Structure formats: C-alpha cells, structure tokens
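K.L.:
According to this note's numbering, the sequence shown holds residues 4 to 347 in order.
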Amino acid sequence: MAHWKLICDEDGQPREVEWNGNSWSIVDSHLVDLLPEDFSKVADQAEVVDSAAIEVEDSEGSVVVEIEATHAGYVNGNGYFYTAEAMRAAVETWTRPFPKPYLVNHDRLSDPLGRVIDAEYVPTSKSRGYILLKVRIGDEEEIKRIQDGRALTVSTGARATEMVECSVCGRDLLNNGTGPQRYRLKSAPDSSWMTRPAPGFFGEIGMTNAEFWDVSEDDKGRWTAECRHIRMFEAPMGGDVLKKTYYIFHGLDYQEVSRVNVPADVNQETGEYAHIRGVVEDKSDKAKTPPEDARSDAEDIFDMSPTEFGSWLRAQSDLSPRDRVALERLYIQFANFLTHNKSV
Numbered sequence: 004m005a006h007w008k009l010i011c012d013e014d015g016q017p018r019e020v021e022w023n024g025n026s027w028s029i030v031d032s033h034l035v036d037l038l039p040e041d042f043s044k045v046a047d048q049a050e051v052v053d054s055a056a057i058e059v060e061d062s063e064g065s066v067v068v069e070i071e072a073t074h075a076g077y078v079n080g081n082g083y084f085y086t087a088e089a090m091r092a093a094v095e096t097w098t099r100p101f102p103k104p105y106l107v108n109h110d111r112l113s114d115p116l117g118r119v120i121d122a123e124y125v126p127t128s129k130s131r132g133y134i135l136l137k138v139r140i141g142d143e144e145e146i147k148r149i150q151d152g153r154a155l156t157v158s159t160g161a162r163a164t165e166m167v168e169c170s171v172c173g174r175d176l177l178n179n180g181t182g183p184q185r186y187r188l189k190s191a192p193d194s195s196w197m198t199r200p201a202p203g204f205f206g207e208i209g210m211t212n213a214e215f216w217d218v219s220e221d222d223k224g225r226w227t228a229e230c231r232h233i234r235m236f237e238a239p240m241g242g243d244v245l246k247k248t249y250y251i252f253h254g255l256d257y258q259e260v261s262r263v264n265v266p267a268d269v270n271q272e273t274g275e276y277a278h279i280r281g282v283v284e285d286k287s288d289k290a291k292t293p294p295e296d297a298r299s300d301a302e303d304i305f306d307m308s309p310t311e312f313g314s315w316l317r318a319q320s321d322l323s324p325r326d327r328v329a330l331e332r333l334y335i336q337f338a339n340f341l342t343h344n345k346s347v
C-alpha cells in the first residue's frame, strides 16, 4: 500500500528515498540517524576472554569513580526507552562474564581506560531508576580529566536481547524485522494535519503528512496508517492525537560505558543526566602527596587538646558532615591510642 520506499545498498544500509518516480539521497541527511536499525543483524561485539573470573586489580596509581550511567523510564535523546525491569535484569552483564570496559566515545577498538568493578540498579520510583557503576580507572591522563572536571558526562553501549517494541505500532523490531507496519487509527486524522508538510526531510521533498504516513480509509470506514518506525517523529493516532515514535527495550546486554562530551541521556523533566559523580577511592599519585598545608594541619590536629580540637573542628565550615564525623573519630582513636600507650 505504501507509495514511497527506502532504497538500501547491498549491506542493507538506507541510501535513498523513492517517491512518485523520483529518488532523493539521504546519505548526508540527519534522517539516517533516526531510521530503525536492523536489530536482527546486530552482532555480539563482546570481547573474547579466556576466563569469566577476571578481576580488576586494586592497583596503585588508580582511582575508583562512581558513575550514574543510564536511566530507565523516559525517552532519551536517541529515541530509546529502557524499562525499569529490563535495566534491573541487566545489571549483572556489567561484570559477567567479564568486567566491561570504560572507553572514550564508544571506540571498542581502543585500549580501555578502566573497567567496571561493581554495578547496581537504583530505583527512584516504580517505573524509573538508574544504573550506578563503580569503575576503576588506571589511565593517568583520564584520572586528571576526572579530577579537574573535564571528564564528566557518559554514555552506555548495549545490545538488545529481547523485544524491541515500536511505541506507535507495537511491532517487535528485534524479532520481526524493521519493515513497515500498518496500524489502526481510532478515528479519521485531523484534516488540517493531513495537508501539512511531512516532518523533516520528507516535507522538504514535498510530502504531506497524509502521504508520508500513507493514511487511508477502507470500505468499512476504518482508518489506518503505515508506521516506518522513524524515531522522534510524531505519528497520527486518530483525530488530533499524535504520538512520538520511540523504541522500548525489554532486554539488554551492556557492552561498555564511555566518556562522551554530549550524552543522549539527559532528562529535561527531572534534571538527571548520565555522568561521573566523582572519585570514591583514590590511589593515584596525586593522592599520595597531600599539599604542604594539609600535612601541617594534620600534624597540628593531633597536638591539640580535646577542647582545642573541638573549637578547631567547629571552625571548619567547608567540611561536609561525613568528613567532620570521620575526622572526629580519627582524633578520638589517636587520643585513645596515646592514652593506652602511656598506661603501659
């Protein structure tokens, strides 16, 4: 029924749109980034390893960072929606059968700058949450970027393992392919919408919404349209109701986490985004040699009486509550140690 089609090359990559006897190249168009992948042909690009029991060494010169890696329950900038159930079930793939790599810009041919050592799913509501990673970074330059804030935002790489559902027509793009799918409308689309230019590239070549979606009515008065699964396009559902096209992932196998400059995982509604939270364990060279003033402060602290220490601690307005408690405990332990040694 469709009156326009995508022309693909021998590798199955879309190259042209053919319509009304003419063809237009889409190779250099942003449209290519929104077209559905052939999920049935996605290769398993996991690394080949000798053992499932690889351990990431607690090595000198490394840091452990905490990363809020990816979020469930909303449509991200790539037009992907990860269910909370899929994300929760996929947690173990971060460390099994081997610890997944920390890369830059999803370059899987490059040497990893670190490895995931722990992963958990953190729920924020019934249908939303995120993956929290602990990653050991051993690359000196990357450690510097993290410490000074240049390395901040991240993106995850994964492959689909179960159903990938089109939000508009419900087609399983992983198991049933990415071909066009006709779907039923609740009623006739709004007449003014039908004659407006189609979205993006298609409007530029003269298509209307009715032509792009191939909207039609059968002899029984039932309205249908054809879904091409083009992410972020708004599809007719009947009347003046439109629905954004996106892919719902019901199963995942995580492959890597990468530092990127502009992540797709940015939720404008909640302000959440995929990012490196900070260093939680530091064995780098920078941590080995504290600043001179910090060393002298530490030495002075243990020369103080309990009253002097209490006054000094109250004056440290830049200390977090957790650091304040930790420092107080350290002082008490040291004081008890001195008392014990004097008594013996």
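Ideal Cβ positions, reconstructed from N, Cα and C, are used throughout, including at glycine. Keep in mind it's a predicted model, so treat the numbers as computed, not measured.
1) Do L176 and P39 come within 7 angstroms of each other at the CB atom, strictly closer than that value?
2) Quick one: residues in its chain with C-beta nearer than 7 angstroms to the C-beta of R139, no 5 flanking neighbours on either side, listed in chain order?
3) Can N81 and A267 be called in contact, C-beta distance under 7 angstroms?
4) Taking R111 as the reference, give the member of I134, R262 and H232 with the closest Cα.
5) If the criterion is Cβ atoms closer than 7 angstroms, does the pair Y257 and A161 meet it?
6) According to DSSP, what are the bridge partners of A228?
7) Would L370 be called buried (16 or more neighbouring beta carbons within 10 Å of its own) or exposed?
8) Rounded to the nearest angstrom, what separates A55 and G254 at their Cα positions?
9) Have a look at T156 and E311 and give me their C-alpha separation to the nearest angstrom.
10) Determine which residues share a DSSP beta bridge with H74 and list them.
11) Enumerate in chain order the residues of its own chain whose CB-to-CB distance from A49 is below 7 angstroms, with the five nearest sequence positions on each side excluded.
12) Name the two residues that bound the continuous beta strand (DSSP E) containing P309.
13) Since M90 and G152 should fall inside the 8 angstroms C-beta cutoff, what is the C-beta to C-beta distance between them, to a whole number of angstroms?
14) Could you tell me whether the stretch 166-173 touches the stretch 246-253, using the rule of 3 or more Cβ pairs below 8 angstroms?
15) Leaving out the 5 sequence neighbours to the left and right, which residues in its chain are closer than 8 angstroms to S375 when beta-carbon positions are compared?
16) Which residue's Cα is closest to the Cα of V218: G206, R231, M197 and R234?
17) Please report the straight-line C-alpha distance between A213 and E220, rounded to a whole angstrom.
18) Per DSSP, what kind of secondary structure is M166 in: helix, strand or coil?
19) Please classify E21 as buried or exposed, where buried requires at least 16 neighbouring CB atoms within 10 angstroms.
20) Of all the options K8, V30 and E71, which has the alpha carbon lying nearest to the alpha carbon of V274?
21) Using 8 angstroms as the threshold, is the stretch 122-131 in touch with the stretch 85-102, meaning 3 or more CB pairs across them?
22) Please name the residue or residues paired with P239 in a DSSP beta bridge.
23) With C-beta atoms as the reference, is R231 less than 7 angstroms away from P183?
24) Over the uninterrupted alpha helix (DSSP H) stretch that includes I149, give me the two end residues.
25) Compute the Euclidean distance between the alpha carbons of A228 and D36, then round it to the nearest angstrom.
26) Using the rule of at least 16 other Cβ atoms within 10 Å of the residue's Cβ for burial, across every protein chain shown, is K8 buried or exposed?
27) When the Cα of S32 is compared with those of R185, V107, P102 and F204, which residue comes out closest?
28) Mind checking I335: buried by the 16 CB within 10 Å criterion, or exposed?
29) With distance defined between alpha-carbon atoms, name the residue in V265, G241 and P104 nearest to D193.
30) Here's the rule: buried if 16 or more other CB atoms are within 10 angstroms of the residue's CB, otherwise exposed. What is V260?
31) Does the beta-carbon of R327 have 16 or more other beta-carbons within 10 angstroms, so that it is buried, or is it exposed?
32) In three-state terms, what does DSSP make of H33?
33) Who does A161 pair with in a DSSP beta bridge?
34) Among E331, G313, S287 and H6, whose alpha-carbon lies nearest the alpha-carbon of I149?
35) With H, G and I counted as helix, E and B as strand and the rest as coil, what does DSSP make of A329?
P.N.:
Based on what the coordinates show:
1) yes
2) V59, S65, V67, G117, R118 and I120
3) yes
4) Answer by Cα proximity: R262.
5) yes
6) Y186
7) One cannot answer for residue 370 here, as it falls past the ends of the chain, which runs 4 to 347.
8) At A55 the pLDDT is 37, less than 50, meaning the model places this residue with poor confidence and gives no usable figure here.
9) 43 angstroms
10) Y133
11) Per-residue confidence for A49 stands at a pLDDT of 36, beneath the threshold of 50, marking its modelled position as unreliable; no derived number is given.
12) From DSSP, P309 is part of no beta strand (DSSP E) but of the alpha helix (DSSP H) over P309 to R317.
13) Not quite, the Cβ-Cβ distance comes to about 27 angstroms (not below 8 angstroms), so this is no contact.
14) Yes: the two stretches touch, three or more of their Cβ pairs being nearer than 8 angstroms.
15) This structure gives no information on residue 375, because the portion of the chain shown stretches from 4 to 347.
16) M197
17) 11 angstroms
18) coil
19) exposed
20) First, the residue type needs correcting, since residue 274 is Gly and not Val in the sequence shown. Nearest C-alpha to G274: E71.
21) yes
22) In the DSSP output, where bridge partners are listed per residue, P239 has L245.
23) yes
24) E143 to D151
25) Straight-line Cα distance between these residues: approximately 23 angstroms.
26) exposed
27) F204
28) It counts as exposed.
29) G241
30) buried
31) Under this definition R327 is an exposed residue.
32) helix
33) According to DSSP, which records beta bridges pairwise, A161 is partnered with Y257.
34) S287
35) helix
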